[in-house]
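Here is the structure we will look at, set down as structure tokens.
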């Protein structure tokens, strides 16, 4: 008696993924599903350009059914905080699997932002409870996953799973920075979330850097030389969480 061994689906070349004209934000997932690649995970980060706080990466696998469809998904940066919070709750409730990873400032300094970014995306994807068969990322290819993937330019604006990952990452990071504000209120982290705004620079120049600032940034190093070490170590929000202090937070 002979048995038929099922063959793995053929992985489409990046240029061969055909999106239907009316496919919308779910077009990539649908095209890959038609090619036999399912489930598809999306990954994105938040905080790469900030000079304080952790780098956070999210990974999400969305369901195909209408019951799991999430309306209003888009790049997290284009949403209001209220809309992001609402979508975060819906994503974490409806997604087939999701995870989020936080890389603390000292690890960002040690690795450099590009390497830290790729490491965070990789960790988030590898910590999904449901292993994906294909991965979509926003702008950067991530190796070491054991599955094929595609880096999509402005992926959080054209692929639903990447948009969902960007929202999970952004909301998580904003909440971490709100907690940092309680530890270091003089820096107004609740307002600028650690990004290099005029207000942040004003506080940095006045008080020097806190333990949650990234020392690789030129403006932080300059403030260190002018003002000194700045705020004393109080065990910032990223250090108080037993999971985050290892550089990784996960939920699914």
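Residue numbers (UniProt numbering): 1 to 252. The beta carbon of each residue, even a glycine, is placed where N, CA and C say it ideally should be. It should be emphasised that the depicted structure is a prediction, and the values quoted were computed from it without experimental measurement.
Opening and closing residue of the beta strand (DSSP E) in which residue 155 lies: No beta strand (DSSP E) contains residue 155, which is instead part of the alpha helix (DSSP H) from 155-158.
What do you reckon, are the CB atoms on residue 97 and residue 84 nearer than 7 angstroms? no
Check residue 61 in the structure and name its three-state DSSP category. strand
Please state whether DSSP places residue 37 in a helix, a strand or coil. coil
Can you give the beta carbon distance from residue 132 to residue 40, rounded, assuming they're within the 8 angstroms contact cut? 6 angstroms
Taking a contact to mean a Cβ-Cβ separation below 7 angstroms, would you say residue 42 touches residue 196 in this structure? no
Considering only the beta carbon of each residue, do residue 163 and residue 74 sit closer than 7 angstroms? yes
Please state if the CB of residue 55 and the CB of residue 47 are separated by a distance shorter than 7 angstroms. yes
Element boundaries [alpha helix (DSSP H), containing residue 191]: 189-192
Beta strand (DSSP E) containing residue 80: first to last residue? Segment: none, residue 80 is in no beta strand (DSSP E) and carries neither H nor E.
Taking three-plus beta-carbon pairs below 8 angstroms as touching, is the region 99-106 in contact with the region 48-67? yes
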